[in-house]
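Numbering-wise (full-length UniProt numbering), the sequence shown opens with residue 1 and increments by one. We treat Cβ as the ideally placed atom computed from N, Cα and C, and that holds for glycine.
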Amino acid sequence: MDEDYEFFLQGFGPVIERNEVPASSISRYRNKLPNQLLDYWSEYGWCGYADGLFWTVNPQDYEHILDQWISGTSLYQQDNYHVIARSAFGILYIWGEKNGYCLTLNAYISRYSTRKSIFTGEKLDFGAKAFFSSMIAEYNDLDDLFKPALKSLGALKSDEMYGFVPALALGGPMELKNLQKVKTIEHLTFLSQLSPLQDWGFPDV
Numbered sequence: 001m002d003e004d005y006e007f008f009l010q011g012f013g014p015v016i017e018r019n020e021v022p023a024s025s026i027s028r029y030r031n032k033l034p035n036q037l038l039d040y041w042s043e044y045g046w047c048g049y050a051d052g053l054f055w056t057v058n059p060q061d062y063e064h065i066l067d068q069w070i071s072g073t074s075l076y077q078q079d080n081y082h083v084i085a086r087s088a089f090g091i092l093y094i095w096g097e098k099n100g101y102c103l104t105l106n107a108y109i110s111r112y113s114t115r116k117s118i119f120t121g122e123k124l125d126f127g128a129k130a131f132f133s134s135m136i137a138e139y140n141d142l143d144d145l146f147k148p149a150l151k152s153l154g155a156l157k158s159d160e161m162y163g164f165v166p167a168l169a170l171g172g173p174m175e176l177k178n179l180q181k182v183k184t185i186e187h188l189t190f191l192s193q194l195s196p197l198q199d200w201g202f203p204d205v
């Protein structure tokens, strides 16, 4: 096993809800995403980790949502972006074809943060390794709500997330009693329509 992925699994195993990645998806993202990431897909599939706290995903499922979110921002012309992973609460991890792992989108509050990866160009494969080996479980949690939500609402399926109802953008509180299991794509689409995406560090005012 790849040592970087093995290190990742030490903090995020075991795997749940594994979905095999079809050859058509590997072909679709060849020369768009690193070969190393595609190799991970082939070997491990798209699946959940840490009891469903963190998920690897099919970027194609998120294309429309991502386009809708970033089309009105300065990010739109900077790179071609693909969602490669998400958290149980809708943190989206986004890969740029030129810039590697360069963007995180916190869907539940419609905020994004950028990062400058040192793994670009010929180093994109190393960037894929570093993405997983440096991932920290606690960063995917939200106000320590994951374990209580897991206990109260049950485990997530691969197409589900924990969403606030009413949404935070509509004035809902960030409390366990307001969390529900919701369909990921439908809920993210709904959230993308509530408020414009803003930079986490320098929001528009």
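In the three-state reduction of the DSSP assignment, Asp39 falls in the helix class.
In the DSSP assignment, Val83 forms a beta bridge with Ile94.
The residues Trp46, Val83, Ile84, Ala85 and Arg86, in chain order, have a CB closer than 8 Å to that of Val57 in the same chain once the five nearest residues on each side in sequence are set aside. In the DSSP secondary-structure assignment, Phe164 is bridged to Leu179.
For Asn140, the three-state secondary structure derived from DSSP is helix. Partner residues in a beta bridge of Gln77, as assigned by DSSP, do not exist. Taking 8 Å as the cut-off, the beta carbon of Ser113 is found no closer than this to the beta carbon of Asp4.
One thing to note: Phe89 has its Cβ no nearer than 8 Å to the Cβ of Tyr139.
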